[in-house]
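Step one of this worksheet: look at the structure below.
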Amino acid sequence: MLHSGSYSYSQSHNQTSRELGHQNLLQLNIYSPSKLLSLHSPRVFIGFNNNHLKNRNFSRRKHCPLPNNALLGDKRVLYSQTQKQSSKESKVFLGFKLQCHSKTLTLPTKGFSVNGKKKKYGGVLPSILRSLESNTDVEKTLYSFCENLSPKEQTVVLKEQRNWERVVRVFEFFKSQKDYVPNVIHYNIVLRVLGRAKRWDELRLCWMDMAKNGVLPTNNTYGMLVDVYAKAGLVEALLWIKHMRLRGLFPDEVTMNTVVKVLKDVGEFDKAERFYKDWCAGRVELDGLELDSMLDSENGSRSEPVSFKHFLLTELFKTGGRVKIGGSSDEETLVRKPCLTSTYNTLIDLYGKAGRLKDAAEVFSEMLKSGVAMDTITFNTMIFTCGSHGLLSEAESLLDKMEERRISPDTRTYNIFLSLYADAGNINAALECYWKIRNVGLVPDIVSHRTILHILCGRNMVREVEAVIEEMKKSSQKIDVHSVPGIIKMYINEGLHDRANNLLDKCQFDVGFSSKVRAAIIDAYAERGLWAEAEAVFYGKRDLLGPEKGVLEYNVMVKAYGKAKLYDKAFSLFKGMRNHGTWPDEVTYNSLIQMFSGGDLMDQARDLLDEMQEAGFKPQCLTFSAVMACYARLGQLSDAVDVYQEMVKAGVKPNEVVYGSLINGFAEVGNVEEALKYFRMMEESGIPANQIVLTSLIKVYSKLGCFDGAKHLYKKMKDLEGGPDIIASNSMISLYADLGMVSEAELVFKNLRENGQADGVSFATMMYLYKSMGMLDEAIDIAEEMKQSGLLRDCVSYNKVMACYATNGQLRECAELLHEMIGQKLLPDGGTFKILFTVLKKGGFPSEGIAQLESAYLEGKPYARQAVITSIFSVVGLHALALES
743 MLHSGSYSYS QSHNQTSREL GHQNLLQLNI YSPSKLLSLH SPRVFIGFNN
793 NHLKNRNFSR RKHCPLPNNA LLGDKRVLYS QTQKQSSKES KVFLGFKLQC
843 HSKTLTLPTK GFSVNGKKKK YGGVLPSILR SLESNTDVEK TLYSFCENLS
893 PKEQTVVLKE QRNWERVVRV FEFFKSQKDY VPNVIHYNIV LRVLGRAKRW
943 DELRLCWMDM AKNGVLPTNN TYGMLVDVYA KAGLVEALLW IKHMRLRGLF
993 PDEVTMNTVV KVLKDVGEFD KAERFYKDWC AGRVELDGLE LDSMLDSENG
1043 SRSEPVSFKH FLLTELFKTG GRVKIGGSSD EETLVRKPCL TSTYNTLIDL
1093 YGKAGRLKDA AEVFSEMLKS GVAMDTITFN TMIFTCGSHG LLSEAESLLD
1143 KMEERRISPD TRTYNIFLSL YADAGNINAA LECYWKIRNV GLVPDIVSHR
1193 TILHILCGRN MVREVEAVIE EMKKSSQKID VHSVPGIIKM YINEGLHDRA
1243 NNLLDKCQFD VGFSSKVRAA IIDAYAERGL WAEAEAVFYG KRDLLGPEKG
1293 VLEYNVMVKA YGKAKLYDKA FSLFKGMRNH GTWPDEVTYN SLIQMFSGGD
1343 LMDQARDLLD EMQEAGFKPQ CLTFSAVMAC YARLGQLSDA VDVYQEMVKA
1393 GVKPNEVVYG SLINGFAEVG NVEEALKYFR MMEESGIPAN QIVLTSLIKV
1443 YSKLGCFDGA KHLYKKMKDL EGGPDIIASN SMISLYADLG MVSEAELVFK
1493 NLRENGQADG VSFATMMYLY KSMGMLDEAI DIAEEMKQSG LLRDCVSYNK
1543 VMACYATNGQ LRECAELLHE MIGQKLLPDG GTFKILFTVL KKGGFPSEGI
1593 AQLESAYLEG KPYARQAVIT SIFSVVGLHA LALES
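For this note's numbering, count along the sequence shown from 1 and bump the result up by 742.
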């Protein structure tokens, strides 16, 4: 799902809603116990009523511009506040059957950027900011302009710096001024910037400096630290809450909201709900705040857990750690009710991601009843929650109601619908939704383009993809590099290789490719067996400053060679990769070993298996299995057993494929004891026998004529899903034929025929059975049916039918079948000629002539084979064919 993680943005404005220049964003509002404390209250019933909802036509929706209410004035920052509540009541929508009415007005969306481009400052601030932006000598500029700035003006200058280094330099300058008074707002700005940049050493020094100057952290400080630590994937994030409690601070609503969001984003839904409910009840439980691990969203590294004791003992918290911050103890026992839009948005997202749709809707209802202003994020989150649970009509209804309340959809709203329609298979609606973005006055963003291209490319809709790309060109928007592999794959699938190459050249020139993207492009060619094209991309020109070939690129190139069975090229690439600074990983070894095993190149496969383990890598079960299967195919069963024992020693648990390879290998050579030994080991391991294993055992019993054992296993196979396969059934027919058990063989054959599974082996075995039992009419019927079914595809099957005709004295039919066989470009083999000599004898051909023909054929004399065939056509009266031959 393209948006499964994208719409946790319900909290992206948490920190902006409490700007760092705010000492205390809101005074805690104390209410009677919140309805949200009992989200399962029987008085609130939610039901989804879809009857009145049909697919909505986007064309009848209008875009309503939003007021811009967030401008910075001279020497002051205006923070967005909740609008006054309307006394006008309106009924609840969305098909939710709630006993409540809405008292909610629209929460205007902020209309200014963070970068200062649209902000309006007065006084000297614009000239200061322009000078700092254009000059590298920060200190010189500051000395020229900034010696007499007010604290609020200093705050603006700090916030407008584009990177952490400039923020630190500006902050150090301010601190060097003799009249500067340290304040928590400035420290919060610096701590936030350092945290976002993952400059943990600098953050530690800033924290120590803060304590040294007697500046005490606020709720804002702790909430911000929780946020930046969590986004960096550090498990210490929530331990900041424990730290603030030790200092006597109780989390305000924004801090609580941040904690809930952190827990939600790592999938700790129960902990998130418990923390929220505890906060509402006026308490914060410190137990259970530890996280097992967190994933850094940027590099994928995982942060391991740390104890709170260790956390407090670090130098970061020694300084100022014992200083208590003043606060009322009554604050901790007061019952609270949330009043921020962002809190409700987080709760809706929490319950939606936890799969608790009813609870999400009840929070939405409570928001209406409490008069909390809704914003675009509220509706986007609820739309995604409904749509991702299959309630697409409810999501569409929300879009209508959203506009009724004069809350304009944004590009993200349409991106959600793009994804939802694609998941529902409604491509036309997805396309209409995409084109609608511009029609309502919005601009598609990178997610819009990436999503629609992914949808269309996955369905090879070339014309539509190119229409989207053309529209992007008109808007001077480039194709996102991550969309390129999908487009190229589409062109390859449609055989449009020139277009694929042109796109590749253009995008590589415009933006260049990361190693990961290049690997995806190589893989697109590899999947279609286009190894030369994949090779051209692999060895193609690269930006001098671009990345070196990564191991992922080598792995997909190895895959391309493997699919083309170019084993020498694959091995040569592997041997040379270290010389280019790239070392093979587990995938490299596993791919090569499986490839060589599949090609019966056991020496290379075995050497690589040893090398892989010496390098400290653990082979996959599939890799061991491939090696064992190859040894089994080659009849080297002792080597296969050695690999099995090596696998067990390495701690890799065998699966049904491993046991199947060994059982089948021993079955092929008729070693019943060993085959049964591994079968018993498989059952003792708790692995149920599959069709392949049981078929192998039936083959063993069939070869040995062990009727009871084969019958028992065949009956067991009938209980499996899909029943016995064709190989097992043919083995049973063969066993019955050898034992002369006609009725039993007929029953199995009848079932195969009724299920459309009977193949050439099935028919040939039944012919053999009938012929051996003297039932020639039945044998001829089977031969005719086999012929009519188009199952005569090789020399062996023709021989079976010809032998049946010859035995029954149908010599002309036998000759006609010979002519058909030759017409199919199938050369008669030794078995064929054995039948032909029998036909000549039965046809009254002189015995001396037969002896001469047979002697000439056995000696391999020129034209001997042709002479035999001509004689056959002649003896049965097919003179025209005799002359042709």
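Just so you know, even glycine gets a beta-carbon here, dropped at the ideal spot from N, CA and C.
On a predicted model such as this, the values are computed, not experimentally measured, just so you know.
Coil, strand or helix - residue i by DSSP
| i | result |
| --- | --- |
| Arg1078 | strand |
| Met1116 | strand |
| Ser1217 | coil |
| Gln903 | coil |
| Pro1430 | coil |
| Glu1236 | coil |
| Leu958 | coil |
| Asn890 | coil |
| Asn1332 | helix |
| Gln1566 | coil |
| Asn1406 | helix |
| Val1581 | helix |
| His1131 | coil |
| Val1185 | coil |
| Thr1021 | Residue identity check: residue 1021 is Trp in the sequence provided, not Thr. Correct three-state label for Trp1021: helix. |
| Trp1325 | coil |
| Gln1594 | helix |
| Ala1357 | coil |
| Asp1265 | helix |
| Met966 | helix |
| Asn877 | coil |
Whole-Å CB distance - residue i paired with residue j, under 8 Å assumed
| i | j | result |
| --- | --- | --- |
| Ala1014 | Leu1092 | 6 Å |
| Thr1437 | Ile1469 | 5 Å |
| Arg911 | Val880 | 5 Å |
| Ile1125 | Ile1158 | 6 Å |
| Ile1263 | Val1226 | 7 Å |
| Val1259 | His1224 | 6 Å |
| Tyr1296 | Leu1315 | 7 Å |
| Cys1081 | Glu995 | 7 Å |
| Tyr1373 | Leu1364 | At roughly 15 Å, the Cβ-Cβ gap does not stay under 8 Å, so Tyr1373 and Leu1364 are not in contact. |
| Ile870 | Thr897 | Not quite, the Cβ-Cβ distance comes to about 13 Å (not below 8 Å), so this is no contact. |
| Cys1537 | Leu1568 | 5 Å |
Beta-carbon proximity list for residue i, same chain, < 7 Å, skipping 5 on both sides
| i | result |
| --- | --- |
| Val970 | Arg934, Gly937, Arg938 |
| Leu1134 | Leu1162, Ala1166 |
| Leu1343 | Tyr1309 |
| Met1144 | Phe1121, Pro1151 |
Sequence-distant residues of its chain with Cβ nearer than 6 Å to residue i (five each side left out)
| i | result |
| --- | --- |
| Lys1360 | none |
| Ala1548 | Cys1556, Ile1577, Thr1580, Val1581 |
Status (buried if at least 16 other CB within 10 Å, exposed otherwise) for residue i
| i | result |
| --- | --- |
| Ala1312 | buried |
| Tyr885 | exposed |
| Val1298 | buried |
| Ala1266 | buried |
| Gln1566 | exposed |
| Asp1635 | Examination of residue 1635 is not possible in this model, given that the chain is present from 743 through 1627 alone. |
| Thr878 | exposed |
| Gly1591 | exposed |
| Gly1586 | exposed |
| Leu1141 | buried |
| Lys1441 | buried |
| His1191 | buried |
| Tyr1281 | exposed |
| Asp921 | exposed |
| Phe1505 | buried |
| Tyr929 | buried |
| Val1618 | buried |
Cut-off 8 Å between Cβ atoms - residues of its own chain near residue i, not counting five sequence neighbours on either side
| i | result |
| --- | --- |
| Tyr1386 | Phe1366, Met1370, Pro1396, Val1400, Leu1404 |
| Val968 | Ala979, Leu980, Trp982, Ile983, Thr997, Thr1000, Val1001, Val1004 |
| Asn1541 | Asp1571, Gly1573, Thr1574, Ile1577 |
| Thr883 | Ile870, Ser873, Leu874, Asn877 |
8 Å Cβ cutoff, residue i in contact with chain B
| i | result |
| --- | --- |
| Ala1521 | The chain inventory of the structure shown lacks chain B, comprising one protein chain alone. |
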